[in-house]
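Novice: Numbering (my numbering), first residue to last: -6 to 130. Backbone N, C-alpha and C define an ideal beta-carbon position, used for all residues, glycine too. This one's a predicted model, so the numbers in the text were calculated from it and none came from an experiment. Here you go, one structure.
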């Protein structure tokens, strides 16, 4: 699989690469995602793209968090100054979502399965983004 990713990286006719997750257990997710050329990483999962997102630089960003930001924008939700809660801390949705909200000047709390008083934390939020990916969490 990594050899195929390398071939796609070198092919100038290929503009973007999307790795369909989850991968089989015997395949290293980290190795495959890091193997994608960051300029072709349309999901924004490469560490170079995630690092750029942390720093607030223009970069490729995972589609789900970017879509949530677009939905909030189109719904005229005032993000600046809002208390935002992100339910979930995954590398592909939760963390990038929190970063995008912070860059939009929200005060962000990231919650997960060990968060104490979760109902209270959510009740105090102006914006709640569910990025859990599991039912009955």
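Keeping to the same chain, check which residues put their C-beta closer than 8 Å to that of residue 102; ignore five residues upstream and five downstream.
Specialist: Position 109 of the chain shown holds residue 102. These residues qualify, in order along the chain: 76, 77, 78, 79, 114, 118.
Novice: In whole angstroms, what is the alpha-carbon distance linking residue 25 and residue 18?
Specialist: As a first step, residue 25 is located in the chain shown; it is residue number 32 there, counting from the start. As a first step, residue 18 is located in the chain shown; it is residue number 25 there, counting from the start. Taking the straight line from one Cα to the other gives about 12 Å.
Novice: In chain order, what are the residue ranges of uninterrupted beta strand (DSSP E) at least 3 long that sit wholly in the stretch 32 to 84?
Specialist: As far as the stretch 32 to 84 is concerned, its whole beta strand (DSSP E) runs of at least 3 residues are 76 to 80.
Novice: Can you tell me which residues form a DSSP beta bridge with residue -2?
Specialist: Numbered from its first residue, the chain shown carries residue -2 at position 5. Residue pairing by DSSP places residue -2 in no beta bridge whatsoever.
Novice: What do you reckon, are the CB atoms on residue 90 and residue 47 nearer than 7 Å?
Specialist: Taking the first residue of the chain shown as position 1, residue 90 is located at position 97. Taking the first residue of the chain shown as position 1, residue 47 is located at position 54. No.
Novice: Sorted by chain position, which residues of the same chain lie with C-beta nearer than 8 Å to residue 100's C-beta, five sequence neighbours on each side aside?
Specialist: As a position in the chain shown, residue 100 is number 107, starting the count at 1. 74, 75, 76, 77, listed in sequence order.
Novice: Please confirm if the stretch 2 to 10 is in contact with the stretch 23 to 38, defined as three or more CB-CB distances below 8 Å between the two stretches.
Specialist: yes
Novice: Just confirm the distance between the C-beta atoms of residue 72 and residue 120, as a whole number of angstroms; I'd bet it's less than 8 Å.
Specialist: Locating residue 72 in the chain shown gives position 79, where the first residue counts as 1. Locating residue 120 in the chain shown gives position 127, where the first residue counts as 1. Confirmed, Cβ separation roughly 7 Å.
Novice: Measure the alpha-carbon distance for residue 49 versus residue 84 and round it to whole angstroms.
Specialist: In the chain shown, the residue the question calls residue 49 occupies position 56. In the chain shown, the residue the question calls residue 84 occupies position 91. Roughly 17 Å separates the two Cα atoms.
Novice: Determine which residues share a DSSP beta bridge with residue 120 and list them.
Specialist: Within the chain shown, residue 120 is the residue found at index 127, counting from 1. Paired residue(s): 77.
Novice: In three-state terms, what does DSSP make of residue 115?
Specialist: Stepping through the chain shown from its first residue, residue 115 is reached at position 122. Residue 115 falls in the helix class under three-state DSSP.
Novice: Quick check on this structure: which residue in 44, 37, -6, 65 has the alpha carbon closest to the alpha carbon of residue 56?
Specialist: Stepping through the chain shown from its first residue, residue 56 is reached at position 63. When each option's Cα is compared against that of residue 56, the closest is 37.
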